[in-house]
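Below is one structure; the comments refer to it alone.
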Amino acid sequence: MAARRYVVAGRVQGVHFRAATRAQALALGIAGHARNLADGRVEVIAEGSAAALAQLADWLQHGPPTARVAAVDAEEIAAAGRSGFSER
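Quick note: the sequence shown uses the numbering used here, first residue -1, plus one each step.
Shown next as structure tokens:
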């Protein structure tokens, strides 16, 4: 199991980005959460197979149709045995 922290910048709040990320993560079998940050970005904590995380990372580059992603920063984090995927 691998885990990543993604921080997505652009027009990503108020456009259902977290809900769409949750749906995408669940479809890929990824656990974790998506939450709004105070500076207008969205943080995504994701845990799953390396292949699933790669697919999520690709999806985060554009997000849902209403979003305008400017940048995605990613870093490896320790896997914590997360289950489910939530919006915070």
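Here a beta-carbon is modelled for each residue, glycine too, at the ideal position from N, C-alpha and C.
Every value quoted in this text rests on a predicted model; they were computed, and no experiment measured them.
Same chain, Cβ closer than 6 Å to residue i, neighbours up to 5 away in sequence not counted
i	result
R27	The amino acid occupying residue 27 in the given sequence is Gly; Arg does not appear at that position. Closer than 6 Å at Cβ, skipping near neighbours: G46 and A50.
L58	Y4, V6 and V70
L84	The sequence given here places Ser at residue 84; Leu does not occur at that position. The answer, listed in chain order, is H31.
Distance, residue j Cα to residue i Cα
i	j	result
A72	G82	21 Å
A65	R20	15 Å
A77	A55	17 Å
A52	G38	24 Å
Of the residues the options, the one placed nearest residue i, counting alpha carbons only
i	options	result
Y4	A23, T64 and G79	A23
V40	Q11, M(-1) and G79	Q11
R16	H31, A7 and M(-1)	H31
Beta-carbon contacts of residue i that lie in its chain and below 8 Å, excluding the five residues immediately before and after
i	result
I75	A1, R2, R3 and I43
Cβ-based neighbour list, residue i, same chain, cut-off 7 Å, excluding 5 preceding and 5 following
i	result
V13	P62, T64 and A65
R60	For the record, residue 60 in the displayed sequence is His; it is not Arg. Answer for H60: V67, listed in chain order.
R90	Lying before the first or after the last residue shown, residue 90 is absent from the chain, which here runs from -1 to 86.
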